[in-house]
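**Student:** Before I ask anything, here is the structure I am working with.
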């Protein structure tokens, strides 16, 4: 197969492209290498992929309509894994326009490319943020999600609706994956694990919001990638039992599916911090703060549908996953000697 992976210099996109290349697919990566966070980290991920003869990277913005159309017309993809997006709940409060350009306009260009050039299956990234004000746990794709708490979640819900319309109008099989707090080596610097690890190592305080009363369904990146690829291989189909008088939000009478992809084991934030402390070998200086705007107290993924349909089964405990991240961080940023000195 020839597979397009958008966001290939991003965290999940890099490892998804790598796994596909390793199994022999022809992989085309797309990324605009924007400066939302340190571009050198994106360049480092791209370097990981550069060694594969069956991988090529295109530096292109999703919002470039002509560029996207030309790419689809030239490459003739069999399948598309759309992981590129403007990420971050808090940043969507500061810079909302970038979310519309990337997440709405950019996703439209992906959908148009897929339908105009006979793509067999589109898998795209949604987010646990779509659950917004929902409090029923665990979060299920069969729940209504009409109350987002920030624009980021609203754009991801919009992506799901846009995908459904293309599945309905053009018979394009689409599958949305609602990711739950992905972490691991090469992770984003705006995520808690990265910020906590850096600050603890440097002896600086960490900001703990909601006074530490958060639970998160932390999911290791290798488990996420396994789920993404299993889903890509399992093309979305119509639900023959779908009832328009009692509509199931997770399926449809057209080839459209939604899945949660998480670890199914929510972890208390303070427990997560304790694991980081153990791996770093230092105690955190904690700055307790109230809940941030747009944030939610807890996340917990019901992955029953994904397990049933694809055999997905996360296998990485947080102790192992956090250790892998801390080891990577120490090597990548060459801080091993400094860490020894501060610990001694």
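In the working numbering, the protein residues as written are 22 to 365. For glycine and all other residues, C-beta sits at the position ideal for the given N, C-alpha and C. Note that the structure is predicted; figures quoted are calculated from it, not measured.
1. Any chance the region 129-137 sits against the region 188-204, with 3 or more Cβ pairs inside 8 Å?
2. Can you name, in chain order, every residue of its own chain whose Cβ lies under 6 Å from the Cβ of residue 24, other than the five neighbours on each side?
3. Is the separation between the beta-carbon of residue 235 and that of residue 319 shorter than 8 Å?
4. By DSSP, does residue 101 sit in helix, in strand, or in coil?
5. Using the rule of at least 16 other Cβ atoms within 10 Å of the residue's Cβ for burial, across every protein chain shown, is residue 61 buried or exposed?
6. Enumerate in chain order the residues of its own chain whose CB-to-CB distance from residue 340 is below 7 Å, with the five nearest sequence positions on each side excluded.
7. Using the Cβ count rule (16 or more neighbours within 10 Å means buried), how would you classify residue 68?
8. Using DSSP's beta-bridge definition, name the partner residues of residue 281.
9. Please go through the same chain and pick out, in chain order, the residues whose beta-carbon is closer than 7 Å to the beta-carbon of residue 29, but skip the five residues on each side of it.
10. Taking 8 Å as the threshold, find out whether the region 207-216 comes into contact with the region 247-266 through three or more Cβ pairs.
11. Are residue 242 and residue 32 closer than 8 Å when you measure CB to CB?
12. Within 10 angstroms of its Cβ, does residue 130 collect 16 or more other Cβ (buried), or is it exposed?
13. Of all the options 198, 325 and 226, which has the alpha carbon lying nearest to the alpha carbon of residue 103?
14. Check for me: the alpha helix (DSSP H) holding residue 185 runs from which residue to which?
15. Whole angstroms are fine: how far does the CA of residue 259 sit from the CA of residue 266?
16. Quick check: what's the CA-CA separation for residue 22 versus residue 57?
17. Can you tell me whether residue 250 is buried or exposed? The criterion is at least 16 other CB atoms within 10 Å of its CB, across all chains shown.
18. State whether the region 322-341 contacts the region 154-161, with contact taken as three or more CB pairs (one from each stretch) at a distance under 8 Å.
19. At which residues does the alpha helix (DSSP H) containing residue 353 begin and terminate?
20. Check whether the region 305-316 touches the region 225-232, taking contact to mean three or more Cβ pairs, one atom from each stretch, closer than 8 Å.
21. Could you check what DSSP says for residue 40 in three-state terms: helix, strand or coil?
22. Below 7 Å CB to CB, which residues in the same chain sit around residue 179 once its five sequence neighbours on both sides are set aside?
23. Considering only the alpha carbon of each residue, which of 157, 182 and 151 lies closest to residue 168?
24. Counting only runs of 4+ residues fully inside the region 113-168, write out the alpha helix (DSSP H) ranges in chain order.
25. Might you give, ordered along the chain, the residues of its own chain that have their beta carbon closer than 6 Å to the beta carbon of residue 201, omitting 5 neighbours on each side?
26. Between which two residues does the beta strand (DSSP E) carrying residue 212 extend?
27. Tell me the DSSP secondary structure of residue 296 in three-state form.
28. Using three-state DSSP, classify residue 32 as helix, strand or coil.
29. Can you tell me whether DSSP reads residue 245 as helix, strand or coil?
30. In terms of alpha-carbon separation, which member of 187, 174 and 217 lies closest to residue 141?
**Tutor:** On the basis of the coordinates in this document:
1. Under the Cβ criterion (8 Å, minimum of three pairs), the region 129-137 counts as touching the region 188-204.
2. Within the same chain, residue 24 has close Cβ partners 41, 46, 48 and 100.
3. Taking 8 Å as the cut-off, the beta carbon of residue 235 is found closer than this to the beta carbon of residue 319.
4. Three-state result, residue 101: strand.
5. Under this definition residue 61 is an exposed residue.
6. Around residue 340, the same chain offers 296 as residues with beta carbons nearer than 7 Å, after the five sequence neighbours per side are excluded.
7. Flag for residue 68 reads exposed.
8. 199.
9. Counting only Cβ-Cβ distances below 7 Å, and skipping sequence neighbours, we find 35, 38, 50, 51, 52, 70 and 78.
10. Counting Cβ pairs under 8 Å, fewer than three are found: no touch.
11. Taking 8 Å as the Cβ cut-off, residue 242 and residue 32 qualify as a contacting pair.
12. Looking at its Cβ environment, which holds 16 or more other Cβ atoms inside 10 Å, residue 130 is buried.
13. Of the candidates 198, 325 and 226, 198 places its Cα closest to the Cα of residue 103.
14. Annotation for residue 185: the continuous alpha helix (DSSP H) segment containing it runs 172-191.
15. When only Cα atoms are considered, residue 266 and residue 259 end up about 16 Å apart.
16. About 32 Å.
17. Label assigned to residue 250: buried.
18. With the rule of 3 Cβ pairs closer than 8 Å, the region 322-341 counts as touching the region 154-161.
19. Here the alpha helix (DSSP H) through residue 353 covers 339-353.
20. Using a C-beta cut-off of 8 Å, the region 305-316 makes contact with the region 225-232, since at least three inter-stretch Cβ pairs fall below that distance.
21. In the structure shown, residue 40 sits in a helix (DSSP, three-state: H, G or I).
22. Close CB contacts of residue 179 within its chain, under the 7 Å cut and outside five residues either way in sequence, are with 125 (chain order).
23. Nearest to residue 168 by alpha-carbon distance, out of 157, 182 and 151, is 151.
24. With a minimum length of 4 residues, the continuous alpha helix (DSSP H) runs that stay inside the region 113-168 are 117-120 and 127-137.
25. Cβ neighbours of residue 201 within its own chain (closer than 6 Å, five residues either side excluded): 149, 238, 240, 283, 320 and 322.
26. Neither: residue 212 is in no beta strand (DSSP E) and is coded neither H nor E.
27. Collapsing the DSSP output to three states places residue 296 in a helix.
28. Residue 32: helix per DSSP, three-state reduction.
29. Helix, per DSSP.
30. The option with the nearest alpha carbon to residue 141 is 187.
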